[in-house]
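Residue numbers (full-length UniProt numbering), protein chains in the order written: chain A, 1 to 655; chain B, 1 to 327. The beta-carbon is built from N, C-alpha and C at its ideal position, and this holds for glycine as well. Some notes on the structure that comes next.
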Amino acid sequence: MYLSRHLRLLPKANIARSLNGGGVHYTTASSAAPAEDSPIQIPNRIQRSPTDLLQALAGTVGRDSTAPHYKYHDDPFLIPMSNAAKRTYAMSKESGRKAAQWIKEEHRDLFLHHEAQPAIEKFAPSMVFTEDSQVDETSLSQLISQGELKDAVLVYSLLEKKGVAISSDLKQSLLELVCFYNNEDPLPEEWIEERWFLQNNRRRERSGKTWKDGDLAEKLYSEIEPKTPESYAALIRGMAKYLQGERAFALLQEAAEKRIQLDTNTYNSIIQIVSLLKDTAEQRWQLCTDLLQEMSQQKLRPNIGTLNAVLECISTFGNFKLARTAALKVLPEFKQLGVNPSLGTYYYLLIIFCRERGPVSHIIVDILNDIGGKELSIVHPKDTYFFATAMDVCRNHLHDKSLAKKVDALLHTGKNYDLIGDSFKESIYYRNFLALLCQTETIEDFMQTYDQLVPNIYIPEPGIMEEILRAVEINGAVEHVPRIWSDMVVFDHTHRESLLLYVLRIMVNNKPSTDSPAHQQLPEQCAKVALDMYEKVEEAVKRLRKVSFTGQMLGDILTLLVRGDNFEKATEVFAHIDKNQHRIPGTPSETALQEFVEASIQNKSPSQALTALQYAVDNNMESSTLARRIHNGFTLNETHLAKLKSLVGESFLEK
Amino acid sequence: MANSLTRFWGQGSLQKHVVQTGLRGFSSQQNPEVEEEEEFRVLSLRTVKQQFQKRREVKKDPVTPPRSNRMAVDQDWTAAWPGPRSFHPASVPLPLRQGFTERGAAAPSKFANAELMKIPNFLHLTPPAIRQQCEALKKFCTPWPKGLETEAKWQRHFPVEVITTDYLQALPTIRNPEARRVTVSLKLSDLKFDAHARDKFLRLVGDRYDKDTDILTFVTDRCPLRKQNYDYALYLLTACYHESFVTEPWEATKSEADMEVYLFGRNKSKLSAEEILNWNAAEGAPKVEPSPSYGQSVEQLINEGENEYNLTKYKEEVKKMLNIASQ
C-alpha cells in the first residue's frame with residue numbers, strides 16, 4: 001500500500017475571515033500587525049490529467065535490446081526464441097485469461113459478490129438471455145450500446161415473438177450494429193494477443209464476398225418504414241464492407257433516385273469497392289469521378305476516408321500511366337479542400353508509384369521529407385500498412401540504405417511504433433530492413449544492428465539467415481560465425497542443408513590467421529561449431545529429418561576439427577566417413593584428406609593415415625601425394641610398409 | 001539358490017512321496033526362468049496386462065545463456081531495469097553473492113539464490129534513473145513563490161497547516177477509511193486573546209494544545225468524508241475561539257477553592273500585608289498598598305514552591321516593605 005500525505009497551508013486571509021466574522025474584535029493584545037513586506041506571488045498550477053505523470057515517467061524508459069517484450073517472462077527458460085515460441089507463449093498466456101473468463105461465465109453464481117468500489121461492470125457476470133427470459137425495449141437498447149451482437153439479436157427475436165412494438169430508432173441502431181459486424185460476433189477487444197497474431201490468417205479470407213444475403217440486416221431494413229437516409233447508409237456501408245458490391249451500388253442508385261441525402265462515409269464505402277464493380281481502369285476511374293461529382297452536387301464535404309478510398313481505387317488500376325496521372329490530379333485537389341493525408345494515403349501512393357515492373361519512383365523521399373520526425377496517430381484503418389510497405393520499397397524498389405534508416409527513425413519517433421500493425425507486418429518490416437542492411441552495410445555495422453534486433457524484436461527466417469551468411473562470406477568475417485551458429489541452433493535452422501553448407505564453407509575458406517590476437521580462439525571455436533553440427537546432423541538422421549550428411553559436409557567438418565586440434569574427434573568423424581562410404585553421397589575434398597593425414601603425422605598415428613589412404617584409393621582419389629607424405633612423415637614398420645605398397649604400389653618410393 | 005532348493009526337495013522326496021511329485025513339477029517348470037533373473041515373484045490373481053512402454057524422450061529446447069552475458073558495458077541500465085521487481089540473476093550483470101555457508105567457503109552465487117530474491121532491491125532507483133525521472137517531472141513543477149523564501153515568511157503568511165493522506169492499495173476498492181482523517185494545526189501565538197479568553201480557550205481545547213511547542217492540533221475523523229471532516233475541524237477552531245471570549249454569569253462564582261493558581265490580589269496575605277502596613281494609621285488617611293513586587297514574590301513562593309531563590313526574594317521584599325535596613 002502506498003500512501004501520500006498532503007500538507008496544505010491555509011493563507012492568513014482565509015482563517016482570519018472565519019475567526020473575525022461579524023466584525024467584532026475581541027483582541028486585547030496589541031493589535032499592531034508586523035509590518036507587511038513585499039507582496040507574495042504564487043504561480044498558477046500547471047494543469048495535468050490523472051495519467052500525465054505516469055506517462056512522463058514511462059517516457060524515460062527505453063527499449064532494452066537484450067530483454068524480451070514485456071508480455072513474456074524475463075527468464076532464460078521462458079524467453080521465446082523462435083517465432084513459433086513467441087506466438088505460443090503469448091497465446092497461452094491469453095488462453096489462461098480466457099479460461100478464467102470461461103470459469104467466470106460457467107460458475108456465474110459464485111461471482112455475484114461486488115467487492116470493487118466503484119463497481120467494475122466487466123468483472124460482473126454478464127446477463128444470460130434465453131428463450132423464456134423477460135425482456136423489454138430497454139434491455140435491447142442496453143445490449144446494443146454494449147455491442148453485444150448475439151444477445152441483441154436474440155432479444156430482438158424474443159420481442160418480436162411477443163409482439164412488442166419496437167421503436168424505429170431502436171431498429172435503426174440494431175440495423176447499424178448488425179451491418180457493422182455482418183451478424184457475426186466479433187473477436188472481443190480484450191484479446192490483444194489474438195489480434196496481434198491473427199492478421200495473417202484473415203488476409204486469405206478477405207478475397208471474396210462475405211455479406212449474408214437475405215439475412216437479419218435486410219429484414220430489419222425492410223421493416224423500417226419509411227426509409228430514412230440512416231437506414232440506407234447503414235445497409236450500403238455494411239454491404240460495401242463485406243464486399244457485396246453490386247447490391248450496395250444498386251441501393252446507392254435507388255437512394256439517388258428517391259432523392260435521399262446520403263453522407264460522406266457511405267460514398268467512401270462505395271468508392272472503396274469500385275474495383276469490384278468495373279473491370280477496366282478507365283471504367284473504374286469514370287465511375288469514381290461520377291461518384292465524386294455526385295457528392296459535390298449533394299454538397300458533401302470529403303474527408304480523409306474519401307481521399308484514401310479514391311487512392312485505393314486508383315491503386316487497383318493495371319494501367320500505370322493512368323494511375324499515376326489520376327493520383328497526381330487527386331492529391332492537390334484534396335489539399336485544396338483541407339484534407340490532410342494520413343499514413344494510409346502515403347501507403348496507397350507507395351503502391352501506386354513504386355510498382356515492381358514500373359519505372360523507379362522516388363516518391364518516398366518526398367513523403368519522408370513531409371512526415372519525418374513527426375509523431376503520428378492513427379486516423380484510417382490502412383495507416384498500419386505504411387511502415388511495412390515503405391521498408392519494402394526501400395529494399396526492393398530503391399535499394400537505399402539511408403532511406404531505410406530514415407523510415408526506421410520515423411518508426412521510433414514518439415509513439416509511432418503503435419502504427420506497426422501486427423506481428424505479420426512487423427516481421428515483414430524487419431525482414432526487409434535486415435536484408436537491406438546486410439547487403440549494403442559493412443559487416444561490423446550490420447552486426448551491431450543485428451545484435452539490437454535479434455532475437456527479441458525479430459527472428460530471421462532461414463532465407464534472411466542465408467542473406468546474412470552471404471554477407472559474412474563476402475566480408476570473410478569468420479569471427480561472427482560462432483555467434484550466428486548459436487543463433488541458428490536456437491532458431492532451429494540446423495536442419496537446412498544449404499545453411500549448414502554455407503556455414504561450413506565460410507569457416508573452411510577463411511582459415512583464421514593465428515597471428516592476430518582476435519583470431520586466437522577462432523580455430524577452436526570453429527572446431528566446436530563443426531562438432532556441434534556433426535552431432536546435430538547425426539541426431540537428425542536418427543529422427544528421420546530431412547537433412548543428412550554429404551561427403552563434402554563431412555570433409556569440411558573433418559578439416560575444421562583438425563584445425564581446432566581436436567584429433568580425437570576428427571578420427572571419429574573419419575571413421576564415420578570410412579564406415580558409411582556407400583551411404584554418404586560424394587566424398588570429402590582432397591585437401592580435407594591431406595590435412596587429416598598431416599594431423600595424423602603430427603599425432604604419430606600411422607594407422608589413421610593409412611586408413612585415409614585406403615579411403616582415397618577406394619574412392620579413386622589422388623593418392624600418390626598422400627602416400628609420399630605418409631612415407632616421408634613416418635618411420636613405418638614392416639606391416640605398415642607392406643600395406644602402403646599393397647595400396648599404391650611401389651611408386652611412392654621413387655622420389 | 002534355486003538349484004539348491006530343488007536339490008533339497010529331491011532329497012526330501014525319499015520321505016514324502018505324495019508331496020514330492022507336485023513340488024517337483026512346480027520347481028522344474030520354474031527352473032529356467034528363475035535362473036535367468038532373480039526377481040521377486042508377485043502372486044497376481046487377476047491377469048493385468050503389463051504396460052512397459054518406454055517413455056518418449058521429450059526434446060527440450062536449448063536454453064539460452066543468461067542475458068546478462070550479452071549486456072554491453074555501457075548499456076542503459078534504466079531501460080533494463082525500469083521498475084521495482086524482485087531480483088533475477090539472469091538480468092543483473094553483477095557478480096552478487098549472498099547467504100550463509102560454512103566458515104571459509106564463499107557465499108552462494110546469485111543463481112538460484114533465494115536470499116537475494118527475498119530482500120528488496122533498489123536496482124530501479126539508480127542515480128541516473130532518478131535524474132531522468134526528475135527531468136521528466138520538471139515540466140509539471142512551478143517555481144517557488146516569490147516572497148516566501150524563508151520559513152519565517154511562509155509561516156506568517158500561512159499560519160494553518162492542514163494534513164490529509166491519500167492511500168493507494170492493491171484491493172478491489174479504491175476507498176480507504178483512513179483517508180477521511182484531517183489534521184489541522186496552528187501556533188497558538190498566531191491567535192489573539194486576553195487573559196480570560198486564553199485561559200478559557202485552553203480549558204476548552206484540553207490536550208489538543210501542546211504547551212512545549214505552542215501548537216494547537218485538531219484531528220477530526222467523525223464524519224465519513226474528508227471534506228466534512230475538514231469543515232468540522234475549522235468549525236471547531238472557530239467555535240472554540242469565539243466561545244473563549246464569552247463570560248458566562250456562573251464564572252463570577254468561582255471561589256478560591258476553584259483557583260488553579262495562587263493570586264496575591266484575591267487572598268488573605270494581601271489583607272494581612274495591608275493591615276501591617278496601615279498599623280495605627282489615622283482614620284481616613286490614605287491606605288498604603290503593598291508593592292506589586294512583593295505580591296509577585298508571594299505568588300512565586302506559593303505557586304512554584306519553596307526554594308532558596310524564592311525564599312531569598314521573599315525575604316528581600318519583606319525587608320523592603322517593612323523598611324528594615326539590611327546589614
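Neighbour list for residue i in chain B, Cβ cutoff strictly below 9 Å
{"i": "residue 12 of chain A", "result": "156, 157, 158, 159, 160, 190"}
{"i": "residue 4 of chain A", "result": "165, 166, 167, 168"}
Beta carbon proximity, residue i to chain B, threshold 7 Å
{"i": "residue 521 of chain A", "result": "no"}
{"i": "residue 26 of chain A", "result": "Because residue 26 of chain A carries a pLDDT of 47, less than 50, the predicted location of this residue cannot be relied on, and the following value inherits that uncertainty. Closer than 7 Å to some Cβ of chain B, the Cβ of residue 26 of chain A qualifies, so yes."}
{"i": "residue 295 of chain A", "result": "no"}
{"i": "residue 1 of chain A", "result": "yes"}
{"i": "residue 23 of chain A", "result": "With a pLDDT of only 43 at residue 23 of chain A, under 50, the local geometry of the prediction cannot be trusted, and the value read off the model is given with reservation. Taking Cβ atoms only, chain B never reaches closer than 7 Å to residue 23 of chain A, which makes this a no."}
heavy atom of the ligand SAM below 6 Å from residue i C-beta
{"i": "residue 270 of chain B", "result": "Looking for the ligand SAM in the displayed structure turns up nothing, as the structure carries no ligands at all."}
Minimum Cβ-Cβ distance from residue i to chain E less than 7 Å
{"i": "residue 203 of chain B", "result": "Among the protein chains of the structure shown, namely A and B, there is no chain E."}
Best match in the options for proximity to residue i [C-alpha to C-alpha]
{"i": "residue 560 of chain A", "options": "A:517, A:512, A:603, A:607", "result": "A:512"}
{"i": "residue 161 of chain B", "options": "A:265, A:372, A:8", "result": "A:8"}
{"i": "residue 236 of chain B", "options": "B:219, B:79, B:95, B:324", "result": "B:219"}
{"i": "residue 641 of chain A", "options": "A:291, A:490, A:609", "result": "A:609"}
{"i": "residue 304 of chain A", "options": "A:342, A:389, A:190", "result": "A:342"}
{"i": "residue 191 of chain A", "options": "A:617, A:590, A:379, A:100", "result": "A:100"}
{"i": "residue 62 of chain B", "options": "A:266, A:322, A:488, A:469", "result": "A:488"}
Under 8 Å by beta carbon: chain A residues contacting residue i
{"i": "residue 116 of chain B", "result": "Simply none; closest approach about 15 Å."}
{"i": "residue 328 of chain B", "result": "The structure shown does not extend to residue 328 of chain B, since chain B is modelled only from 1 through 327, so no value can be given for it."}
{"i": "residue 208 of chain B", "result": "Simply none; closest approach about 16 Å."}
Listed by chain order, chain B residues near residue i by CB distance under 8 Å
{"i": "residue 79 of chain A", "result": "64, 67"}
Close-in-space but distant-in-sequence residues of the same chain around residue i (CB under 7 Å, 5 per side omitted)
{"i": "residue 189 of chain B", "result": "214"}
{"i": "residue 261 of chain A", "result": "229, 298"}
{"i": "residue 1 of chain B", "result": "Below a pLDDT of 50, predicted positions are generally treated as unreliable, and residue 1 of chain B, at 42, falls in that range; no measurement from the model is reported."}
{"i": "residue 217 of chain A", "result": "175, 178, 179, 183, 235, 238"}
{"i": "residue 182 of chain B", "result": "162, 164, 220, 226, 229, 230, 233"}
Close beta carbons around residue i, own chain, < 6 Å, minus the five adjacent residues each side
{"i": "residue 612 of chain A", "result": "593, 596, 597"}
{"i": "residue 476 of chain A", "result": "510"}
{"i": "residue 319 of chain A", "result": "281"}
{"i": "residue 353 of chain A", "result": "361, 363"}
Residue-chain proximity (residue i, chain A), Cβ-Cβ < 7 Å
{"i": "residue 259 of chain B", "result": "no"}
{"i": "residue 140 of chain B", "result": "yes"}
{"i": "residue 127 of chain B", "result": "no"}
{"i": "residue 133 of chain B", "result": "yes"}
{"i": "residue 226 of chain B", "result": "no"}
{"i": "residue 198 of chain B", "result": "no"}
{"i": "residue 80 of chain B", "result": "yes"}
{"i": "residue 74 of chain B", "result": "no"}
Chain-ordered chain B contacts of residue i [CB-CB under 7 Å]
{"i": "residue 41 of chain A", "result": "145, 146, 147"}
{"i": "residue 490 of chain A", "result": "62, 64"}
{"i": "residue 7 of chain A", "result": "161, 163"}
Own chain partners of residue i with C-beta closer than 8 Å, once the 5 adjacent residues on each side are dropped
{"i": "residue 220 of chain A", "result": "171, 174, 175, 178"}
{"i": "residue 187 of chain A", "result": "194, 195, 198"}
{"i": "residue 179 of chain B", "result": "164, 165, 166, 167, 226"}
Partners in chain A for residue i, counting only beta-carbon separations shorter than 9 Å
{"i": "residue 215 of chain B", "result": "Those do not exist, as residue 215 of chain B stays about 14 Å from chain A at its closest Cβ, beyond 9 Å."}
{"i": "residue 137 of chain B", "result": "53, 56, 57"}
Interface partners of residue i on chain A, CB under 7 Å
{"i": "residue 71 of chain B", "result": "66"}
What residues in the region 82-103 of chain B bring their beta carbon closer than 7 Å to a beta carbon of chain A?
82, 88, 90, 91
Using a Cβ-Cβ cutoff of 9 Å, what residues of the region 102-119 of chain A are near chain B? List them in chain order.
114, 115, 116, 117, 118
Along the region 46-79 of chain A, what residues have a CB closer than 8 Å to any CB found in chain B?
Residues of the region 46-79 of chain A whose Cβ lies closer than 8 Å to any Cβ of chain B, in chain order: 46, 48, 52, 53, 56, 57, 59, 60, 61, 62, 63, 64, 66, 67, 74, 75, 76, 77, 79.
Select from the region 169-189 of chain B all residues with a C-beta closer than 9 Å to any C-beta belonging to chain A, and list them in chain order.
169, 170, 171, 172, 173, 174, 175, 176, 178, 179, 184, 186
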